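Student: Please see the structure below; I have some questions.
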Amino acid sequence: MYLLRTPALVLAALVSSASAYFVVTAPKLNDQWANGDTHMVSWVKGALDGVTSFDIEMSRLNSAGLTLIAKNVPSADSSQKSINILLQDVPPGDDYFLLFLNSTHGVMYGTSPRFTVLPSGSASNMSSTTNPNAATVTVSGAPNPTQAFATMFALAESGARRPTLSGGQTWGLTTVMVASLVGAAWTLLW
Ligand SMILES: *[C@@H]1O[C@H](CO)[C@@H](O)[C@H](O)[C@H]1NC(C)=O
Ligand SMILES: *[C@@H]1O[C@H](CO)[C@@H](O)[C@H](O)[C@H]1NC(C)=O
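Residues in the sequence shown are numbered consecutively from 11, following the numbering used here.
Given below as structure tokens:
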């Protein structure tokens, strides 16, 4: 299939068509997050890009799997520019990255640089930074797209409906596909 043979192009198209400006400011490349510590995830995005909320997922470059971290993170209000993540029993590895996307239709707004997850109790070379005003999401275990999102924020619009179970499975599959494209693109670009 043509699309699968040119993942970097597909990724570039996905990212550029979705948003003019979306930069993940934390984690930074090769940051070390130890299990048991809480770290801030932060971003800067275009104010007029029309993206009022998005979903955050975590994946790895060298193995399949997705962790659904937070759904419907509000982003219209410029005060919401970060969340905190507490890691628990996440398999150590140096190939983790975060995806910022609409998991309903799989459109990607941005990705974080790759970062490292250390075993519980190991000394990270960075301090554990958090935003005390932002929500903290606990992420446990290995990436597993059949798990529900760890946290689901209420949608700002009234009358918005929560996804049904079957809807959830649909976005899971969509994002697995997107994530594997990202993984492949990374392999090509790195
Ligand atoms: C922590 O260690 C990693 C791997 O050696 C390195 O790439 C990164 O820059 C270090 N970070 C800090 C804040 O020293
Ligand atoms: C994703 O897009 C759909 C359709 O455009 C929208 O209804 C939904 O609220 C969006 N999800 C988020 C998290 O913004």
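For every residue, glycine included, the Cβ atom is placed at its ideal position computed from N, Cα and C.
Bear in mind the structure is a predicted one, so any value in this text is a computation, not a measurement.
Can you list, in chain order, every residue whose CB sits closer than 5 angstroms to a heavy atom of ligand 1?
Tutor: Asn40, Asn135 and Met136
Student: Give me, in chain order, the residues of the same chain whose beta-carbon lies closer than 8 angstroms to that of Asn154; leave out the 5 immediate sequence neighbours on both sides.
Tutor: Gly75, Leu76 and Thr77
Student: Take the Cβ of Val54 as the centre, count every other Cβ of all protein chains shown within 10 Å, and call the residue buried at 16 or more, exposed below.
Tutor: exposed
Student: Measuring from the CB of Phe107, is there a heavy atom of ligand 2 at a distance below 8 angstroms?
Tutor: no
Student: Could you tell me which residues DSSP puts in a beta bridge with Asp65?
Tutor: Leu111
Student: Does the distance between the C-beta of Val51 and the nearest non-hydrogen atom of ligand 2 fall short of 8 angstroms?
Tutor: no
Student: Which residues, in chain order, sit with a beta-carbon under 6 angstroms away from any heavy atom of ligand 2?
Tutor: Ser63, Phe64, Asp65, Asn82, Asn112, Thr114 and His115
Student: What are the residues that DSSP puts in a beta bridge with Asn94?
Tutor: Met50 and Thr146
Student: Among Ser85, Ile79 and Lys91, which one has its Cα closest to the Cα of Thr140?
Tutor: Lys91
Student: Using a Cβ-Cβ cutoff of less than 6 angstroms, which residues in the same chain neighbour Thr161 once the five nearest sequence positions on both sides are dropped?
Tutor: Ala80 and Val147
Student: What residue from Ser132, Thr114, Asp99 and Leu108 has the CA that sits closest to Arg124's CA?
Tutor: Leu108
Student: Which first and last residues belong to the beta strand (DSSP E) in which Gly151 is found?
Tutor: The continuous stretches of beta strand (DSSP E) do not include Gly151, and DSSP gives it neither H nor E.
Student: Please report the residue range of the beta strand (DSSP E) in which Phe125 lies.
Tutor: That run of the beta strand (DSSP E) goes Phe125 to Leu128.
Student: Which first and last residues belong to the beta strand (DSSP E) in which Asn82 is found?
Tutor: Leu76 to Pro84
Student: Hey, would you say Asn112 sits closer than 9 angstroms to Phe163, going by beta carbons?
Tutor: no
Student: Assign Gly131 to one of two classes, buried (16 or more other C-beta atoms within 10 Å of its C-beta) or exposed (fewer than that).
Tutor: Label assigned to Gly131: exposed.
Student: Per DSSP, what are the beta-bridge partners of Met136 in this structure?
Tutor: Answer is none; Met136 lacks a bridge partner.
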